[in-house]
Amino acid sequence: MNNLTHKTMSPEVYQLRRRVIALIYEAQKLIPSLPRIMVRITENDPKILALATYNKNYIEISERAITCSDLDLRTIVYHELVHTVFGIGHIEQCPLMRPVHQPLSKEEAQRLFLYYAQKSIPQKKRIIRSVSLGSIR
Ligand SMILES: [Zn+2]
Numbered sequence: 006m007n008n009l010t011h012k013t014m015s016p017e018v019y020q021l022r023r024r025v026i027a028l029i030y031e032a033q034k035l036i037p038s039l040p041r042i043m044v045r046i047t048e049n050d051p052k053i054l055a056l057a058t059y060n061k062n063y064i065e066i067s068e069r070a071i072t073c074s075d076l077d078l079r080t081i082v083y084h085e086l087v088h089t090v091f092g093i094g095h096i097e098q099c100p101l102m103r104p105v106h107q108p109l110s111k112e113e114a115q116r117l118f119l120y121y122a123q124k125s126i127p128q129k130k131r132i133i134r135s136v137s138l139g140s141i142r
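FYI, in my numbering the residues of the sequence shown are 6 to 142.
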């Protein structure tokens, strides 16, 4: 299975994590019942931008996903939240849940996030990891 190396906590890593947590707060405003999410910041990987574990409220985000201006961090964070909170896998036809990252507008990312929140029903705990593949254009 794919694995990313966690960065050791430092003031710099803490700042990176704050950017992710700010987007999780934004999602919590949309869905007040959103559970607490554990966030780990990871070293960069040539192919993987971020990881989520289904139904575990746990996401891992690479430094590249946070710092690269060609990537939209909101889209990445919302995608991983849909995996980890709602237990939904990849959907090729969905701009948010397709396996390869594609930046979305804030409005579109929020609309799709709300769509999955409303349609999600509690699922059996599955401990499967999912990867988001992405390349910088
Ligand atoms: Zn994914």
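Every residue gets a Cβ at the ideal spot worked out from N, C-alpha and C, and that includes glycine.
Would you say P108 touches ligand 1, meaning its beta carbon is less than 7 Å from a heavy atom? Not so, every heavy atom of ligand 1 lies at least 7 Å from the Cβ.
Euclidean distance between Cα positions of T58 and K12: 18 Å
Can you tell me which of the three DSSP states L9 falls into? coil
Name the DSSP bridge partner or partners of I46? I66
Can you find a heavy atom of ligand 1 that lies under 7 Å from the Cβ of P100? Outside the cutoff, so no.
Per-residue DSSP class, three states only, for I81: helix
Is P16 near ligand 1, going by C-beta to nearest heavy atom under 7 Å? No, the Cβ of P16 stays beyond 7 Å of every heavy atom of ligand 1.
Heavy atom of ligand 1 less than 7 Å from the Cβ of P51, yes or no? no
Out of E31, N60, L39, which one is the CA nearest neighbour of G94? N60
Reference I46; option with closest CA among P37, R22, L39, E17: Comparing alpha-carbon positions, the option among P37, R22, L39, E17 lying closest to I46 turns out to be R22.
Express the C-alpha separation of A32 and D50 in angstroms, rounding to a whole number. 26 Å
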